[in-house]
Amino acid sequence: MAFDRNELRRVMGHFATGVAVVTTHDGQGRCYGLTANAVSSVSLDPPLVLVCVDKRAESYPAFDRSQVFVVNVLGEHQEELSRRFAVSGGDKFVDLPCRSGGTGAPILEGALAHIECRVVAAHDAGDHTIYVGEVESADAGEGRPLLFFRGRYHQLPRG
Ligand SMILES: Cc1cc2nc3c(=O)[nH]c(=O)nc-3n(C[C@H](O)[C@H](O)[C@H](O)COP(=O)(O)O)c2cc1C
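In the working numbering, the protein residues as written are 9 to 167.
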């Protein structure tokens, strides 16, 4: 019998993570993105990073087509941005300062860090696809991260 999905979500919620907006494009000038915490560093040599994308997400076809993505790591003051990209559909990039990286995928201004990747492998994994990307560019600035734990946003304690 399959483990109950809501119980798995509750238990996995105890694994505290950062929060990212993973972006891509559709090859015709339109940007897509979603909030994600199923993100991981995989390998340093070669430099590989993975993201898990829900096949039911509206942005999924764009990831599948473009085979590029940017992991935009959110800072502690970007909870509103995380909420914006966690709502399905619509143009989430309205009035959002961003620039195109070498892959054409959008890099969000003001993010704590970004990792730009070209997909080198896509693994079918239940209701998600695991995209493994080779890192093409990456950079990080100063600041503190936005955190997600037990279904809520948090900040690192001060002091
Ligand atoms: C903290 C947080 C983490 C999330 N992590 C993921 C993830 O790793 N992969 C994913 O596909 N969806 C994840 N989601 C859900 C998507 O952000 C959500 O389904 C979004 O509406 C998809 O947008 P779209 O349908 O416009 O593509 C997460 C949501 C939140 C709030």
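We treat Cβ as the ideally placed atom computed from N, Cα and C, and that holds for glycine.
Only a predicted model underlies this, so the values are computations on that prediction, with no experimental measurement involved.
Exercise. In chain order, what residues of the same chain have a beta carbon less than 7 angstroms from the beta carbon of Arg158, not counting five sequence neighbours either side?
Worked result: Gly21, His22
List in chain order: all unbroken alpha helix (DSSP H) runs of 4+ residues lying wholly within the stretch 50-108.
68-74, 87-93
Sheet register partners of Arg126 (DSSP bridge): Val76, Glu142
- Message: Starting from Leu164, trace the beta strand (DSSP E) in both directions and tell me its first and last residue.
- Response: Where Leu164 is concerned, there is no enclosing beta strand (DSSP E), given that its DSSP letter is neither H nor E.
**Message:** Between Leu154, Leu164, Gln163, which has its C-alpha nearest Asn45's C-alpha?
**Reply:** Leu154
Express the C-alpha separation of Leu116 and Leu104 in angstroms, rounding to a whole number. 8 angstroms
- request: Might you give, ordered along the chain, the residues of its own chain that have their beta carbon closer than 6 angstroms to the beta carbon of Ala121, omitting 5 neighbours on each side?
  value: Val81, Ala148
- Message: Any contact between the stretch 81-100 and the stretch 10-18? By contact I mean 3 or more CB pairs, one from each, below 8 angstroms.
- Response: no
In angstroms, rounded to a whole number, what distance separates the CA positions of Glu124 and Val143? The straight-line gap separating the alpha-carbon atoms of Glu124 and Val143 is approximately 6 angstroms.
Note to self: Less than 7 angstroms separating the Cβ of Asn45 from some heavy atom of ligand 2?
What the structure shows: Among the ligands present in this structure, namely ligand 1, ligand 2 is not found.
- Could you tell me whether the Cβ atoms of Gly26 and Thr32 are closer together than 8 angstroms? no
Next on the checklist: Using 8 angstroms as the threshold, is the C-beta distance between Asp135 and Asp62 below it?
Outcome noted: The answer is yes: Cβ separation under 8 angstroms.
Start and end of the alpha helix (DSSP H) containing Leu16?
Element bounds for Leu16: 13-20.
- prompt: Looking at C-alpha atoms only, which residue of Gly151, His131, Asp12 is the closest neighbour of Glu84?
  reply: Residue nearest to Glu84 within the set Gly151, His131, Asp12 is Gly151 (criterion: CA-CA distance).
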